Amino acid sequence: MDPPFDSAGANQNHRLRQQRVVADLGTQALEGTDLDDLFREAVTAVATTLETDSCKILELQPGNDEFLLREGIGWSDGLLGTATVSTDRDSQAGYTLEVEDTVVVDDLRTEDRFAGPELLREHDLVSGISVVIGSADDPWGVLGTHATAQRAYDEGDAVFLRNVANVLASAIERDRADRRRDAEAMLRQKIVDTSPIGITIVGENGELRFANDRAEEIFGRSRERISELEFDDPAWDEIGPDGDPLTAEELPFPRIVESGEPLFDQVSGVLRPNGERIWISVNGAPLWNDNGNIDGVVFAIEDVTDRFHRDRKLERYETIVETAHDGIYVLDEERRFELVNDAFAELTAFSRSELRGSHASLVFGEEFASTEAQQLEAASAPESPTFEETIETGPDETLAIENRFTILPVDDGTGTKRVGVVRDISERKHLEAELRAERDLKDRILETSPIGITLIDADGMNVFANDRAEELFGRSLEELRSYVHDDDRWNLVDEDGRPLSGEELPFTTVKETGEPVYGDVLGLDQPDGTRVWLSAHCGPLFDADGTFDGAVYALRDITERKRLENELERTLDRVSDAFNSIDTDWNFTYVNDHAKELLDVEDRELVGTNVWEEFPSAVGSRFEEEYRRAMDTQETVRFEEYSPVADAWLEVAAYPSESGLSVYFRDITDRKDRERALEESEQRYRTLIDHFPNGAVALFDDDLQYTIVGGELIDEGEYTPDEIVGMSVGEWGDEIEADFEPKFRAALAGEEHTFEVDYEGRELLVYTLPVRNNRGEVFAGMMMVQDITERNEYRRKLEESNERLEQFASVASHDLQEPLRMVSSYLSLIENRYGEELDADGQEFLEYAVDGAERMRAMIDGLLEFSRVETRGEPLEPVELDDVFEDVRKDLAVRIEESEAEIEADSLPRVVGDSDQLRQVFQNLLSNAIEYSGDAPPRIDISAHSYGDRCEIEISDDGIGIDPADADRIFGLFNRLHTVDEASGSGIGLALCERIVERHGGEIRVDSEPGEGSTFSVTLPTADKSAER
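Here the sequence shown stands for residues 1 to 1029, numbered as in full-length UniProt numbering.
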């Protein structure tokens, strides 16, 4: 006999197998398994462990637009390394990358978060699970596994796949690091090998460990030969710059070993095998082992032979230049000072030692290189150009010099030197600058003036215009010289836009009177049609004889001012508030359209009229009081007041000035109405709270503190309402806080909740809901508590009574039906045994008796069913009404066919209910529609309409109909509108329908007219599909 299957053990074994797979893959990753081999191992292990049909590793491609199928199992030939998948959220992989979390698909065919990519559909894959490989900030790709059958994945499967993805991510990152490290090592080796500086490494005992190619070139020896020579071998014949041989202690290697410090720029001369003396500059540093001991020395060796010889040659010239009065300098091919004399140093802020070796930019400025190139290009005699420039003589100090220099090639032809002579010309430059400043002052004033300045000759022609005038006119000076002062091309107008003639222009007035004109406003057109407004001052010019010689215009641009003035006028017209301005004599100076509309004076002009004469009802009102107070105190006043003129509440702000008042006002009648409504609402809340029977009511704020409380329960408690106000829900104990706090916060979020709690031996029904203002915003929460202890006790007793009644009904049904069964049996026996002996009347009487017994049994069954609607019903749950009606059609298939009924049904909603009871309701209604169809074949229409969380099902027929007066009566027990001979039935069917619908929290009604058919409407709660997901 096989042992029973241990599902828990199997699940544990499955998890252990998953852990072993992750551990094995992690070991391979740590051991440095090739990445592609690890990928193949991973997809095989995942598919095998999770018992799926395929597994894939998708690598995110450059641009992040698609994935490449890097590795996988269970895919068609030729897809690995070629197939791609889009990264948009329509694919499972793209969706996984976007949500950055594990994505599980039980059935791709019903998936609504994304569409199945073609790669999955081609392989008939319907379920799967996928995760991101790598971090959310730097994803590498996606790991996924899929099955061709619909199946579910648990959290353990998701954890397993994430662990595998983490192992792969670690291996990928390690592979990246290895590649970078190898590249860096190769780069370092290449730098050393190709360095223009000789590099050697000498061991602690003086033996050569390494020498690069450049070191071989410098010393003229191979690595092998260099390694044979000790650092102090006579073959080196190493000497100092003074020509004296270096002792062993003065050589670079022992100096570094002895001091343990780096060595910089030691210059010495060594011999090559061919007897050539070369000069080298040596930099060296010690190398340390793990024990802190010197393990060797690394040297950087530069061949400075040419530079050494040049330095010696320059030293011979120093004596020559020392006695010169002009500053003399020599720059090497890098434009560093090789030589300067005392005269040159005295011109600068530096000593000769500071200058030597420094770049020329230290003296000639940071732009020296580009300046030299420009000077050479501009020189007429390239071999000895002369320029005037400045040099740096200290912080923020310069000196004007004359610089004459010559460019000479160096010996090896690889560069040039510069030999120059400088002379101080600062005094001369100072005198020139003063003269130039005086000469340019007037021109500079004219050029930089923010005022446009033009000169007009005696004939009215433009002869000069500064830059600002050119900007204002939109024309160059050359163009302006072709214009006369009254040229038609100006399109000159006055301040009101009226065209001006030549006689009206300032120049004509000045020429005729010899007096200046101030502040004329002129408008003229630029060439592109732009209108410019100018404030013009015009003054006369006279020659030495006092004869009129022309005029000068000073023009200020007031275009922006004109624009603002016009904009202000338009703004006052557009301002959303009503606005008017009043002068000190209480006359209107401006009234905008909105003010006219509010004051109902759109048909007349107010400007220039007196406020109190136009609106006598305002005299003595608060409006006059506040306006006069503002005018007297010159302080802004704000107030709210009802205006009989506007028939509205107005919010008014009056701003005083020396010229009068600026008054803004707007209609706030709606706000006043809202405030009154709010006060009434608060009063209603207070009335409700103070008189709430058998319970309590409270308002609470965002801090869950009570702001208003009251009710009979509070009056009976240990705290008064005033003591409770300000308390929070947490002060009533942990148990109360746990029950109430989430509901309070939900109410402030706009939700309603009903729940029951036990408190101090009482059973309480609590209802929490949001309190909203007139804009629909939640500003508080409300809690209503009702003591339902007695009600619940009554309900328990009622349930016990119903249970006893149910037992009685079952017994009574059995006891009543037993005699009926006996009667029916004996009647059947009489019919069978003596039927042939009975005459027609006897047969009829017998049929009446049988039919009466059957109807009695049907009534008893119906009553029993009616009594069991509440007690024997199934729990209410989501039900598809389409399925219910399909079952009803099947049950009535024979009657539908026999009656030739035509039934048209819309798609019906999903509701919350008892499917069996709903089936009974709609079977009764459909059966009645067939029964009472009249002579013609019945036609029945079934439709549905949704209203929020409710739906209404309508069953309409074209039958005989009923009198509207009987619309309520037909739902009563045993209330029949037809005799037994006219129609069958017990008179219980519609009563049963009503009771079932009421159990579902719905309603049933009928709309009918005799001869026009009937429409039965059933209202039921709809199922919340979103909540069921």
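Every residue gets a Cβ at the ideal spot worked out from N, C-alpha and C, and that includes glycine.
From a predicted model like this one, the values you see are computed outputs, not experimental measurements.
{"Item": "Taking 6 Å as the limit between beta carbons, can you name the residues of its chain near Val422, skipping five residues before and five after?", "Value": "Gly327, Ile401, Asn403"}
{"Item": "In chain order, what residues of the same chain lie with their CB nearer than 7 Å to the CB of Ser351, ignoring the 5 residues before and after it?", "Value": "Ala345"}
{"Item": "Which whole-angstrom value is the C-beta distance of Leu534 and Leu455, which I expect to be below 8 Å?", "Value": "With a Cβ gap of about 16 Å, Leu534 and Leu455 do not count as contacting."}
{"Item": "Identify every residue that forms a DSSP beta bridge with residue 1031.", "Value": "The question about residue 1031 has no answer here: the residues shown for the chain are numbered 1 through 1029."}
{"Item": "Exposed or buried, which one is Arg671 when buried takes at least 16 other CB atoms within 10 Å?", "Value": "exposed"}
{"Item": "With H, G and I counted as helix, E and B as strand and the rest as coil, what does DSSP make of Pro770?", "Value": "strand"}
{"Item": "Taking the beta carbon of Val894 as the centre, do at least 16 other beta carbons fall within 10 Å, making it buried, or is it exposed?", "Value": "exposed"}
{"Item": "So is Ser476 buried or exposed if we call it buried at 16+ other beta carbons inside 10 Å?", "Value": "exposed"}
{"Item": "Curious, which full-length alpha helix (DSSP H) runs of at least 4 residues does the region 890-976 contain?", "Value": "893-899, 915-931"}
{"Item": "What is the DSSP secondary structure of Ser659, counted as helix, strand or coil?", "Value": "coil"}
{"Item": "Please report the straight-line C-alpha distance between residue 1055 and Arg214, rounded to a whole angstrom.", "Value": "There is no way to answer for residue 1055, as the model of the chain reaches only from 1 to 1029."}
{"Item": "Please report the distance separating the alpha-carbon of Val22 from that of Asp101.", "Value": "19 Å"}
{"Item": "In terms of DSSP beta bridges, what is Val202 paired with?", "Value": "Leu208, Val297"}
{"Item": "Is it buried or exposed for Leu50, if we count other Cβ within 10 angstroms and need 16 for buried?", "Value": "buried"}
{"Item": "Buried or exposed for Tyr518, going by 16 or more other Cβ atoms inside 10 Å?", "Value": "exposed"}
{"Item": "Between the beta-carbon of Gly961 and the beta-carbon of Ser1008, is there less than 8 Å?", "Value": "yes"}
{"Item": "Only counting the same chain, and skipping five residues up and downstream in sequence, which positions put a Cβ closer than 6 Å to that of Arg225?", "Value": "none"}
{"Item": "Quick one: Cα of Val164 to Cα of Val132, how far?", "Value": "11 Å"}
{"Item": "Please classify Gln150 as buried or exposed, where buried requires at least 16 other C-beta atoms within 10 Å of its C-beta.", "Value": "exposed"}
{"Item": "Would you check if the region 416-434 and the region 449-465 touch, i.e. whether three or more CB-CB distances between them fall below 8 Å?", "Value": "no"}
{"Item": "Does the distance from the C-beta atom of Leu347 to that of Ile391 stay below 8 Å?", "Value": "yes"}
{"Item": "Give the DSSP-derived three-state secondary structure of Met410 in the structure shown.", "Value": "Sequence inspection shows Val at residue 410; the Met mentioned does not correspond to that position. Val410: coil per DSSP, three-state reduction."}
{"Item": "Between Glu954 and Thr707, what straight-line distance do the alpha-carbon atoms span, to the nearest angstrom?", "Value": "48 Å"}
{"Item": "Going by DSSP, what residue range makes up the beta strand (DSSP E) through Val340?", "Value": "337-340"}
{"Item": "Please tell me whether Pro262 and Ala285 are closer than 8 Å, where the distance is taken between their beta carbons.", "Value": "yes"}
{"Item": "Roughly how many angstroms separate the alpha carbons of Val510 and Gly529, rounded to a whole number?", "Value": "29 Å"}
{"Item": "Answer yes or no: do Glu216 and Arg209 have a C-beta to C-beta separation smaller than 8 Å?", "Value": "no"}
{"Item": "Rounded to a whole number of angstroms, what is the C-alpha to C-alpha distance between Tyr590 and Thr584?", "Value": "13 Å"}
{"Item": "Within the continuous beta strand (DSSP E) that includes Met631, where are the two ends?", "Value": "No beta strand (DSSP E) holds Met631; the alpha helix (DSSP H) holding it covers 622-633."}
{"Item": "Quick one: give me the first and last residue of the alpha helix (DSSP H) that Tyr95 is part of.", "Value": "92-99"}
{"Item": "Output yes or no for whether 8 Å exceeds the beta carbon distance between Val921 and Val997.", "Value": "yes"}
{"Item": "Any idea if Pro909 is buried or exposed, counting beta-carbon neighbours within 10 angstroms, 16 or more meaning buried?", "Value": "buried"}
{"Item": "Can you name the start and end residues of the beta strand (DSSP E) that Arg531 belongs to?", "Value": "531-542"}
{"Item": "Give the single residue among Gly781, Arg772, Ile129, Val785 whose Cα lies nearest to the Cα of Arg762.", "Value": "Val785"}
{"Item": "Taking contact to mean 3 or more Cβ pairs, one atom from each stretch, closer than 8 Å, check whether the region 197-205 and the region 45-63 are in contact.", "Value": "no"}
{"Item": "Helix, strand or coil for Tyr590, going by three-state DSSP, please let me know.", "Value": "strand"}
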